[in-house]
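Notes for the one structure printed next.
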Amino acid sequence: MTDRRVEHANFTIERAYAASPERVFTAWAEEKAKADWFARGGDDYRLDFRVGGREVNRGSQGGGPVITFDARYHEIVPPERIVYAYDLYVGSTLASVSVTTVQFAPADGGTRLELTEQVAFLDGHDRPEWREQGTRDWLETLAAHLERETSRA
Amino acid sequence: MVERLSRGPASVSELARPFAMSLAAIVQHLKVLEACGLVRSEKIGRVRACRLEPQALTAVEQWAGERRRTWEHRLDRLGDYLAEQPDEWDTEDEK
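These protein sequences, in sequence, are chains B and W.
Counting from 47, one number per residue, gives the positions in the first sequence under our numbering.
Counting from 253, one number per residue, gives the positions in the second sequence under our numbering.
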């Protein structure tokens, strides 16, 4: 029997980019541009960037379960704000539902980006095999980050 | 760093040894790991000892942390993408 419960979390990330808000916004608005940094090699990616439009990204990493991101756009204010909601499936199980808000503001000749995600994690989100997958993703992220740091040094 | 810590506690300079990075950069990474709750450090005499603390996180914190890291990775890639793409308006101005 499935243990029914919901847990909530939210987080905000800020980034500064040396590009105009228009350019940063475009990297979120055009399918080909967004696939370049949002999806990973081998992922099945689609973007219909308009209010009510859908964005779907599907793929698996290192033989793990297929992860499906399925979003719908709720508000688009170029080049200032994007609001969308998305479901995240692990295999055929709905793992979480989120609202994501992305804000773009001019700052120091570039752009300050603020991303806030509010998540409801549903039953079974702490299944150990999923956590292992997450940790693997995280270690890959850290390795990529260190690689960039090292190549800059 | 995490791999080294999984073998037991270590000082900051022990952690820095295998990397071609400044001590300041290593400390920066440790701060990120500490903020994620994955690493705890305490000062023993003149040495800062670090250890892994995965139990410190509840399942939901781990999941939110992983979602956040996924985003951090993507936003880094967005930065790389923007840096690689020539600014169309600027290049037209230069012609």
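Glycine is no exception: its CB is placed at the ideal position from the N, C-alpha and C atoms.
Could you tell me whether the Cβ of residue i comes closer than 9 Å to any Cβ of chain B?
i	result
residue 312 of chain W	yes
residue 320 of chain W	yes
residue 316 of chain W	yes
residue 345 of chain W	Because residue 345 of chain W carries a pLDDT of 43, less than 50, the predicted location of this residue cannot be relied on, and the following value inherits that uncertainty. No, because no Cβ of chain B sits closer than 9 Å to the Cβ of residue 345 of chain W.
Please confirm whether any heavy atom of the ligand SAH lies closer than 8 Å to the CB of residue i.
i	result
residue 271 of chain W	Of ligands this structure carries none, so the ligand SAH is not represented either.
Identify the contact partners of residue i in chain W, using a Cβ-Cβ distance below 7 Å as the criterion.
i	result
residue 63 of chain B	331, 334
residue 122 of chain B	Per Cβ cutoff of 7 Å: no residues; residue 122 of chain B is ~17 Å from chain W at best.
residue 128 of chain B	Near residue 128 of chain B there are no residues of chain W at all, since even the closest Cβ is about 13 Å away, more than 7 Å.
residue 167 of chain B	312, 315
For residue i, I'd like the list of residues in its chain whose CB is within less than 6 Å of its CB, leaving aside the five on either flank, ordered along the chain.
i	result
residue 64 of chain B	156
residue 95 of chain B	75
residue 129 of chain B	120, 121, 147
residue 165 of chain B	55, 142, 144
residue 59 of chain B	161
Over the uninterrupted beta strand (DSSP E) stretch that includes residue i, give me the two end residues.
i	result
residue 152 of chain B	139-153
residue 303 of chain W	299-304
residue 57 of chain B	53-63
residue 196 of chain W	Summary: the structure shown does not reach residue 196 of chain W, with chain W confined to residues 253 through 347, and so no result is reported for it.
residue 201 of chain B	No statement about residue 201 of chain B is possible, as the shown extent of chain B runs from 47 to 199 and does not include it.
residue 166 of chain B	156-167
residue 81 of chain B	Where residue 81 of chain B is concerned, there is no enclosing beta strand (DSSP E), although the alpha helix (DSSP H) it sits in stretches over 77-84.
residue 112 of chain B	Residue 112 of chain B -> no beta strand (DSSP E), and no H or E assigned at all.
residue 90 of chain B	90-93
residue 100 of chain B	100-105
Taking 9 Å as the CB-CB cut-off, is residue i touching chain W?
i	result
residue 55 of chain B	yes
residue 75 of chain B	no
residue 117 of chain B	no
residue 142 of chain B	yes
residue 131 of chain B	no
residue 196 of chain B	Low per-residue confidence applies at residue 196 of chain B: pLDDT is 49, beneath 50, and the placement is therefore not dependable, though the value from the model is reported in the following sentence. True, the Cβ-Cβ gap to chain W drops below 9 Å.
residue 175 of chain B	Caution is warranted here: a pLDDT of 49 is assigned to residue 175 of chain B, below 50, making its placement in the model unreliable, and no coordinate value can be reported.
Residues of chain W with CB under 8 Å from residue i, in chain order?
i	result
residue 151 of chain B	Per Cβ cutoff of 8 Å: no residues; residue 151 of chain B is ~15 Å from chain W at best.
residue 112 of chain B	Going along chain W, no residue has its Cβ under 8 Å from residue 112 of chain B, so there is no contact; the nearest lies around 16 Å.
List the residues of chain W that residue i touches, going by C-beta distances under 9 Å, in chain order.
i	result
residue 161 of chain B	323, 327
residue 84 of chain B	326, 329, 330
Quick one: what's got a C-beta closer than 7 Å to residue i's C-beta in the same chain, skipping five residues either side?
i	result
residue 137 of chain B	111, 112
residue 266 of chain W	none
residue 258 of chain W	304
residue 125 of chain B	67, 68, 71, 150
residue 80 of chain B	73, 74, 93
residue 133 of chain B	116, 140, 143
Excluding the five sequence neighbours on either side, which residues of its own chain have a C-beta within less than 8 Å of the C-beta of residue i, listed in chain order?
i	result
residue 305 of chain W	289, 290, 291, 292
residue 86 of chain B	105, 107
residue 154 of chain B	62
residue 88 of chain B	105
residue 18 of chain B	In this structure chain B extends from 47 to 199, so residue 18 of chain B is not present and cannot be described.
residue 302 of chain W	257, 261, 262, 263, 264, 267, 282, 291, 292, 293
From which residue to which residue does the alpha helix (DSSP H) around residue i run?
i	result
residue 256 of chain W	254-258
residue 264 of chain W	264-268
Below 8 Å, how does it come out for the segment 88-108 of chain B and the segment 276-290 of chain W: are there three or more Cβ pairs, yes or no?
Taking 8 Å as the limit for Cβ pairs, the verdict is that the segment 276-290 of chain W does not touch the segment 88-108 of chain B.
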